[in-house]
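J.: Heads up, the sequence shown is in the working numbering, so the first residue is 79 and it goes up one at a time.
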Amino acid sequence: MATPPPARQSPRAAAGCPTPPAGGVIPPDGRPGGLMRKKISLVTPCYNEEAGIRECYAAVKEIFDRELPGYEREHIFCDNASSDRTVEILKEIAAEDPSVKVIVNARNFGVLRNTYNGVLASTGDATILFMPADLQDPPSLIPTFVKHWEDGYEIVFGIRARREEPFLSRTARHMYYKMISRMSYVDYPADVGDYQLVDRKVLDAMKQFEDVQPFMRMMPFECGFRSIGVPYTWLARKHGISRNRLSSLIDQGLLGAISFSTVPLRTAFFFGLIISSLSFAYAFVVFLLKLAGFDIGPHGIPTIVIGLFFFGGVQLFFLGVLGEYIVAIYNQVRRRPIVVERERINF
Numbered sequence: 079m080a081t082p083p084p085a086r087q088s089p090r091a092a093a094g095c096p097t098p099p100a101g102g103v104i105p106p107d108g109r110p111g112g113l114m115r116k117k118i119s120l121v122t123p124c125y126n127e128e129a130g131i132r133e134c135y136a137a138v139k140e141i142f143d144r145e146l147p148g149y150e151r152e153h154i155f156c157d158n159a160s161s162d163r164t165v166e167i168l169k170e171i172a173a174e175d176p177s178v179k180v181i182v183n184a185r186n187f188g189v190l191r192n193t194y195n196g197v198l199a200s201t202g203d204a205t206i207l208f209m210p211a212d213l214q215d216p217p218s219l220i221p222t223f224v225k226h227w228e229d230g231y232e233i234v235f236g237i238r239a240r241r242e243e244p245f246l247s248r249t250a251r252h253m254y255y256k257m258i259s260r261m262s263y264v265d266y267p268a269d270v271g272d273y274q275l276v277d278r279k280v281l282d283a284m285k286q287f288e289d290v291q292p293f294m295r296m297m298p299f300e301c302g303f304r305s306i307g308v309p310y311t312w313l314a315r316k317h318g319i320s321r322n323r324l325s326s327l328i329d330q331g332l333l334g335a336i337s338f339s340t341v342p343l344r345t346a347f348f349f350g351l352i353i354s355s356l357s358f359a360y361a362f363v364v365f366l367l368k369l370a371g372f373d374i375g376p377h378g379i380p381t382i383v384i385g386l387f388f389f390g391g392v393q394l395f396f397l398g399v400l401g402e403y404i405v406a407i408y409n410q411v412r413r414r415p416i417v418v419e420r421e422r423i424n425f
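1. If you check the beta carbons only, do I154 and S200 fall under 8 Å apart?
2. So what does D277 bridge to, in DSSP terms?
3. I'd like to know whether the C-beta atoms of P298 and A239 end up nearer to each other than 8 Å.
4. Going by DSSP, what residue range makes up the beta strand (DSSP E) through L120?
5. Determine, using beta carbons only, whether K179 and E150 come nearer to each other than 8 Å.
6. Which first and last residues belong to the alpha helix (DSSP H) in which I181 is found?
7. Tell me E419's beta-bridge partners as DSSP assigns them.
8. Give the secondary structure of G390 by DSSP, where H, G and I count as helix, E and B as strand, and everything else as coil.
9. Ignore the nearest five residues each way along the sequence and tell me which others in P99's own chain have a CB closer than 7 Å to its CB.
10. Taking 8 Å as the cut-off, decide whether the C-beta atoms of D269 and M294 are in contact.
11. Between the segment 248-264 and the segment 158-174, are three or more C-beta pairs nearer than 8 Å?
12. Contact between the segment 274-281 and the segment 399-411 is defined here as three or more beta-carbon pairs at a separation below 8 Å; is this criterion met?
13. Near K316, which residues of its chain fall below 7 Å by C-beta distance, leaving aside the five closest residues on each side in sequence?
14. CA-CA distance, L190 and F347?
15. Which first and last residues belong to the alpha helix (DSSP H) in which V138 is found?
16. CB-CB under 6 Å to A159, same chain, minus the five flanking residues each way: which ones, in chain order?
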């Protein structure tokens with residue numbers, strides 16, 4: 079990453095059309111006289127975000143108007159069946175701004191599936207996978223992301239170097255990211271969330287996964303394109319409270335662990351192998367002591383009881399690990415849609 083890669087070739091250039099300079103324009107189909115700007119897509123998942131959704135839209139629009147005037151903007155809002163005025167507000171925004179597109183789900187399908195469905199609907203030369211409605215990931219980084227993209231990096235990811243949240247939450251998240259980074263067979267940097275800009279070729283590769291339970295933040299890294307990180311401070315939420323309950327966070331954490339790592343299964347295998355070996359060794363020692371004439375009485379009943387409970391708990395734990403993999407396989411083979419949409423606006 080120290081040496082910048084060759085300049086990125088856009089999808090239009092790959093098709094035989096000239097590539098513009100950063101923020102510039104190119105003739106459509108290579109013919110002189112026409113104008114065509116590169117398009118940057120952004121995806122914002124929503125669930126009961128009426129208090130901050132206009133602020134999110136305005137912040138992104140201001141960034142593009144002031145710092146990225148040479149780029150076309152496509153801002154996709156994906157509503158997860160909100161029960162407040164979020165959809166009504168989004169329809170008002172979309173009626174005034176055709177660059178705003180809205181997807182409304184028939185029910186709440188969870189933030190991961192909701193966001194990924196919006197990403198699949200994006201049409202830009204590059205897509206920002208996750209632009210939160212609460213602006214905890216700051217839009218001010220978008221010009222930096224675009225600059226690195228123009229320099230030739232297909233994946234530009236934000237690194238949450240600092241977090242404006244309570245100590246326990248901050249520590250737990252950091253430990254989780256470290257664990258996933260070490261466990262995964264994918265070269266995944268620690269403290270990286272979904273706030274990433276990916277080139278169209280990366281997004282096309284992600285679509286080939288056909289994953290109905292997507293853990294999107296790691297999918298670009300599995301593709302293996304050139305990447306660069308941008309450190310930033312993860313801001314405190316401005317409006318309301320997070321809709322991610324503890325059960326949702328645990329579910330997302332388990333999904334990340336089983337989607338990109340076989341370490342839990344391998345751990346179960348080797349742990350079982352070690353325990354079995356120790357058991358055989360203990361049995362062999364007892365057999366030798368019996369042959370030598372030592373009297374091994376019925377002592378150690380508490381040890382036996384503790385051992386039974388301990389190994390019973392270990393067995394249940396690893397059965398649970400195995401069950402998580404089976405559930406993931408079951409969900410994948412059913413081939414159900416990622417979400418069911420109620421309506422689309424401005425598509």
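A virtual CB, placed ideally from N, CA and C, is assigned to each residue, including glycine.
T.: Inspection of the coordinates gives the following:
1. Position 76 of the sequence shown, counted from the start, is the residue given in the question as residue 154. Position 122 of the sequence shown, counted from the start, is the residue given in the question as residue 200. Contact: yes.
2. As a first step, residue 277 must be located in the sequence shown, where it is residue number 199. DSSP output for D277 lists A204 as bridge partner(s).
3. Residue mapping note: residue 298 aligns to position 220 of the sequence shown, counting from 1. Residue mapping note: residue 239 aligns to position 161 of the sequence shown, counting from 1. For P298 and A239, no; Cβs fall outside 8 Å.
4. To locate residue 120, count along the sequence shown from 1; it is residue 42. First-last of the beta strand (DSSP E) with L120: 117-124.
5. Here residue 179 is taken as the residue at index 101 of the sequence shown, counted from 1. Here residue 150 is taken as the residue at index 72 of the sequence shown, counted from 1. It is not a contact, given that the beta carbons lie outside the stated cut-off.
6. Translated into the one-based positions of the sequence shown, residue 181 becomes position 103. It is not in any alpha helix (DSSP H) - I181 instead sits in the beta strand (DSSP E) that spans 178-183.
7. Walking along the sequence shown from the start, residue 419 turns up at place 341. BP columns for E419 point to N183.
8. Position 312 of the sequence shown, counted from the start, is the residue given in the question as residue 390. Three-state DSSP puts G390 in a helix.
9. For the purposes of this step, residue 99 is taken as residue 21 along the sequence shown, with counting starting at 1. Note on P99: pLDDT 44, under 50, position unreliable in the model; no value is reported.
10. As a position in the sequence shown, residue 269 is number 191, starting the count at 1. As a position in the sequence shown, residue 294 is number 216, starting the count at 1. Going by C-beta atoms, D269 is not nearer than 8 Å to M294.
11. no
12. no
13. The residue given as residue 316 occupies position 238 in the sequence shown. G130, D212, L213.
14. Reading the sequence shown from its first residue, position 112 is the one you call residue 190. Reading the sequence shown from its first residue, position 269 is the one you call residue 347. Near 30 Å, if we compare the C-alpha coordinates of F347 and L190.
15. In the sequence shown, counting from the first residue as 1, residue 138 sits at position 60. 131-145 is the span of the alpha helix (DSSP H), which, as asked, contains V138.
16. Locating residue 159 in the sequence shown gives position 81, where the first residue counts as 1. N183, R185, N186, listed in sequence order.
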